[in-house]
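These notes concern the structure reproduced below.
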Amino acid sequence: MSIQVRGLTKRFGAFVALDDVDVTVRSGTLTALLGPSGGGKTTLLRVIAGLEQADAGTVVIDDRDATRVPARRRDVGFVFQHYAPFGHLSVARNVAFGLEIRKRPKAEIAARVDELLHLVHLEAFADRLPSELSGGQRQRMALARALAVEPKVLLLDEPFGALDATVRKELRQWLRRLHDEVHVTTVFVTHDQAEALEVADEIVVVNGGRVEQVGAPDDVYDRPANEFVMRFLGPTTSLDGRLVRPHDVEVLGAAEPGAVAAEVGSLRRVGFEARLDARVAGSGDVVEVLGSRSDPALRDLRAGDRVWLRAVGPTVAAASAPRSGTGGAPEPDPSPAADAPADVAASSGASVRGGVPA
Amino acid sequence: MAEAVLTTPDDAAAPARDVAPAPRPVGERRTGRHVVRALVVAYVAVLVVLPVGVLVWRAFAPGLDAFVDAVTDPLSVHAFRMTAEVALISVALTTVLGTIAAFLIARSGLPGMRVLDALLGLPVSVSPIVVGLALILVYGSTGWFGGALESAGIQVILSVPGMVLATMFVSMPLVTRAIVPVLAARGTDEEQAAESLGASAPVRFWRITLPGIRTALVTGVVLALARSIGEYGAVLVVSGNIQGQTETATLRVDTLYQTLLQPDAAYAVTFVLVAVAILTIVATSLLRRSQGGTR
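Chains as they are written, first to last, in our numbering: chain R, 36 to 393; chain X, 1184 to 1478.
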């Protein structure tokens, strides 16, 4: 049950939410749409679900052109960011909803609801109202409700966005296991790069209404296509005009080919890490280096020592002035946008995009 | 007078709010509470209990036979029937049209919805007499449409259609104003979820939207019903208050009291109206309690 999106364009007034987007989601995979708020990822998800109409482009689901198919006939399971539970119906009735309106036999519905509640560990809560559930339980209920109708694809909008950090980590591992069990083609939206790297088979980096890069987590992390992807996937520092990750900077005691001379500014130990600030001779650029505190190359350094620095991991050309060391890490969104227009209205994406050449 | 009594459900049916007192020293809080309680009791006693109590007493003072005679007088019975007819027709229409208007205002996103909202709210701030006169200007036999309608055999003014129109006009905002805030606060997430689960528009409305706004809708309809039964001014102007024809119960009270100088009969009819109002309040709170768990 693959998804092919071709040439998708969507505007909200003057704002271009999606700009000629092409994405292919292979059958059976768990794909993350990763990007900053307002980057268009939620809009893309809603267009795939049919909850939003694109201005141009096509959506093909399971080799069938779904562009003009209404949402209710797309066989798409959608889990909303705030789960959209039916407040007047019990957990079991929420899950049964899709089957009830399809007029399936009562016994079949009851059996299927039992099975799904078991799958999401809510057997004991069948008769509760959604308002009596915790956020994580509501989320799992919404997931069971979406899975009940055996959708061809499952779409999740910021599935863990509204949960606290601990529940978030638990649930994302649970989602991974669930996907391995159920095998339905799944696409989820997130602005958290750790979530995408940990859970997804494939990551689509979306920014400013465009796809920046598509690939397996390792591809995207080890071979970032551009400065935006590099910055978005974690902290970066600038070394000799190129962006590199602080833990990919090697500290040498003597000059070697490709290494840049620098002077140690400060060395701090934080937990198991050692953080070094070094000033490059000549340019005066400050490079941040991250290593293990037991690393012999770092252990005995003092302010003023001369070292040589060399990138040992992926680098990309830094088109803009270097920003503070942790520039690329996306700040957690304090109030996740409720739906597409709000998502689109948020302009925080622009600040992350700042350094990307047009 | 009857109208004043009948609009009390307005306050009684308003959604209960939990007013959390600001944390203060215990003694001070207690005194404050006693003062507030005494004020409320005094207010209710002076404005509600005392007048209604006196009314009940006066209604039955001449004896039960006199009360029964007054209430079963053919003209009074006709007036009750008239009130029931006008109130039921207008509440049915107001419920449907008011709900549609509420959806337009809260969900359609069309331009001019704020103006529609303001216009629907107009009867709340304008005197019902003005409403009645305006209807006569349009539908009266010398009005804009009146002549044409009359030659088609439809008489609006001085008959039931006009009275229903006047009653709807004054009770419609009670329905829309009850629903609009709830619709706006709910958003459309649940409907979208239902849509992605395969629900068609009618299924979404009946199974998701309507249960979600049910409490607000019931509140609005009960207020509209109370207002319809109690409406006096607009109906007086439009109906012409013809005894045995267009006279409703509230108009009957006025006729008995002012024109026929039969105050005891007027109190008896008023008592029936008060009883209906109280029954409405009780029925609503029972209905609310029975669905208290769901919303």
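The beta-carbon is built from N, C-alpha and C at its ideal position, and this holds for glycine as well.
*Between the Cα of I1312 (chain X) and the Cα atoms of X:F1352, X:L1280, X:T1278, which residue gives the shortest distance?*
Within the second sequence, numbered from 1, the residue matching residue 1312 (chain X) stands at position 129. When each option's Cα is compared against that of I1312 (chain X), the closest is X:F1352.
*Neighbour flag for V111 (chain R) against chain X, beta carbons, 9 Å*: As a working note, residue 111 (chain R) is residue 76 in the first sequence. By this cut-off, V111 (chain R) is an interface position.
_Residues within the segment 39-63 of chain R neighbouring chain X, beta-carbon criterion of under 7 Å_ = none
*At a Cβ threshold of 9 Å, is G293 (chain R) touching chain X?*
Walking along the first sequence from the start, residue 293 (chain R) turns up at place 258. Closer than 9 Å: no.
*chain R beta carbons: is any one of them nearer than 9 Å to that of S1153 (chain X)?*
No answer is possible for residue 1153 (chain X): it lies beyond the span of chain X, which begins at 1184 and ends at 1478.
_Contact the segment 42-49 of chain R vs the segment 192-209 of chain R: 3+ CB pairs below 8 Å_ = no
_Count Cβ pairs between the segment 223-234 of chain R and the segment 257-271 of chain R that sit closer than 8 Å; are there 3 or more?_
yes
*asked:* Taking 9 Å as the threshold (C-beta atoms), are A1409 (chain X) and T1463 (chain X) in contact?
replied: Residue mapping note: residue 1463 (chain X) aligns to position 280 of the second sequence, counting from 1. Residue mapping note: residue 1409 (chain X) aligns to position 226 of the second sequence, counting from 1. Cβ distance < 9 Å, so T1463 (chain X) and A1409 (chain X) count as in contact.
*Per-residue contacts from L86 (chain R) into chain X (C-beta, under 8 Å)*: Position 51 of the first sequence, counted from the start, is the residue given in the question as residue 86 (chain R). By Cβ distance, chain X contributes Q1375, E1378, S1379.
*Report yes or no: do three or more beta-carbon pairs, one from the segment 1348-1362 of chain X and one from the segment 1282-1301 of chain X, lie closer than 8 Å?*
yes
*Under the DSSP definition of a beta bridge, which residues are partnered with K45 (chain R)?*
Residue numbering aside, residue 45 (chain R) sits at position 10 when the first sequence is read from its first letter. Answer is R:L53.
*Mapping DSSP to helix, strand and coil, what is N242 (chain R)?*
Here the question's residue 242 (chain R) lines up with position 207 in the first sequence. N242 (chain R): strand per DSSP, three-state reduction.
*asked:* Only counting the same chain, and skipping five residues up and downstream in sequence, which positions put a Cβ closer than 8 Å to that of E291 (chain R)?
replied: Working through the first sequence from its first residue, we reach residue 291 (chain R) at position 256. W343, R345.
*Exposure label - H226 (chain R); buried when at least 16 CB within 10 Å*: On the first sequence, residue 226 (chain R) is found 191 positions in, with the first residue counted as 1. Classification of H226 (chain R): buried, given that the 10 Å Cβ count is 16 or more.
*Would you mind telling me which residues of chain R sit closer than 7 Å to S1383 (chain X), beta carbon to beta carbon, in chain order?*
Position 200 of the second sequence, counted from the start, is the residue given in the question as residue 1383 (chain X). Within chain R, the residues near S1383 (chain X) are R107.
_Listed by chain order, chain X residues near A89 (chain R) by CB distance under 9 Å_ = Your numbering for residue 89 (chain R) matches position 54 in the first sequence. Here the premise fails: no neighbours, minimum Cβ distance about 17 Å.
*Name the chain X residues whose beta carbon is nearer than 8 Å to that of V184 (chain R)?*
Counting from one through the first sequence, the residue named residue 184 (chain R) turns up at place 149. Near V184 (chain R) (Cβ distances below 8 Å), the residues of chain X are L1380, G1381.
*Within 10 angstroms of the Cβ of F1328 (chain X), are there 16 or more other Cβ atoms? Answer buried if so, exposed if not.*
Counting from 1 along the second sequence, the entry for residue 1328 (chain X) is found at position 145. Label assigned to F1328 (chain X): exposed.
*asked:* My assumption, with CB atoms under 8 Å, is that L1126 (chain X) sits in contact with V1457 (chain X). Please give the rounded CB distance.
replied: For chain X, the structure presents residues 1184 to 1478; residue 1126 (chain X) sits outside this window and is missing.
_Under 7 Å from the C-beta of R137 (chain R): neighbouring residues of chain X_ = Mapped onto the first sequence, residue 137 (chain R) falls at position 102. The contacting residues are G1381.
*9 Å Cβ cutoff, G1395 (chain X) in contact with chain R*: Residue 1395 (chain X) sits at position 212 when you count from the first residue of the second sequence. Yes, G1395 (chain X) counts as interfacial toward chain R.
*Taking E1378 (chain X) and R1390 (chain X) to be in contact with their CB atoms under 8 Å, please state how far apart those CB atoms are, rounded to whole angstroms.*
Position 195 of the second sequence, counted from the first residue, corresponds to residue 1378 (chain X). Position 207 of the second sequence, counted from the first residue, corresponds to residue 1390 (chain X). About 12 Å; that fails the 8 Å criterion.
_According to DSSP, simplified to helix, strand and coil, what is W1240 (chain X)?_
Here the question's residue 1240 (chain X) lines up with position 57 in the second sequence. Here W1240 (chain X) sits in helix by DSSP.
_If the criterion is Cβ atoms closer than 9 Å, does the pair V241 (chain R) and L86 (chain R) meet it?_
Sequence index remark: in the first sequence, residue 241 (chain R) carries index 206 (1-based). Sequence index remark: in the first sequence, residue 86 (chain R) carries index 51 (1-based). It is not a contact, given that the beta carbons lie outside the stated cut-off.
_Whole-angstrom C-beta distance between L302 (chain R) and L336 (chain R), which should lie under 8 Å_ = As a first step, residue 336 (chain R) is located in the first sequence; it is residue number 301 there, counting from the start. As a first step, residue 302 (chain R) is located in the first sequence; it is residue number 267 there, counting from the start. Between L302 (chain R) and L336 (chain R) the Cβ distance is about 5 Å, and since that is below 8 Å, they are a contact.
*Between X:G1395, X:P1306, X:E1430, X:Y1415, which lies nearest to A1341 (chain X) when the distance is taken from Cα to Cα?*
On the second sequence, position 158 is the one that residue 1341 (chain X) refers to. Reading off the sequence shown, one finds Leu at residue 1341 (chain X), where the question assumed Ala. Checking every option, the nearest Cα to that of L1341 (chain X) belongs to X:E1430.
_Own chain residues within Cβ distance below 6 Å of A1399 (chain X), not counting five before or after_ = The residue labelled residue 1399 (chain X) in the question sits at position 216 within the second sequence. Closer than 6 Å at Cβ, skipping near neighbours: A1361, I1362, V1365.
_Proximity test, Cβ basis, 9 Å: F132 (chain R) and chain X_ = As a first step, residue 132 (chain R) is located in the first sequence; it is residue number 97 there, counting from the start. So, interface residue.
*Return no unless some Cβ of chain X is closer than 9 Å to the Cβ of P415 (chain R).*
Lying before the first or after the last residue shown, residue 415 (chain R) is absent from chain R, which here runs from 36 to 393.
_T59 (chain R) - DSSP class collapsed to helix/strand/coil_ = The residue given as residue 59 (chain R) occupies position 24 in the first sequence. Of the three classes helix, strand and coil, the one that applies to T59 (chain R) here is strand, per DSSP.
_Three or more C-beta pairs below 8 Å linking the segment 109-122 of chain R and the segment 199-214 of chain R_ = no
*asked:* According to DSSP, is Q1428 (chain X) part of a helix, a strand, or is it coil?
replied: Taking the second sequence and counting its residues from 1, the one referred to as residue 1428 (chain X) is at position 245. Coil.
*DSSP state of I38 (chain R), grouped into three classes?*
Position 3 of the first sequence, counted from the first residue, corresponds to residue 38 (chain R). Here I38 (chain R) sits in strand by DSSP.
*Distance, H1261 (chain X) Cα to Q1428 (chain X) Cα*: As a position in the second sequence, residue 1428 (chain X) is number 245, starting the count at 1. As a position in the second sequence, residue 1261 (chain X) is number 78, starting the count at 1. Using only the alpha carbons, I get a separation of about 8 Å.
*DSSP on V94 (chain R), reduced to helix/strand/coil?*
For the purposes of this step, residue 94 (chain R) is taken as residue 59 along the first sequence, with counting starting at 1. Note: V94 (chain R) maps to strand in three-state DSSP.
*Beta-carbon neighbours of V1386 (chain X), restricted to chain R and to distances below 7 Å*: Along the second sequence, one-based indexing puts residue 1386 (chain X) at 203. Correct list: I136.
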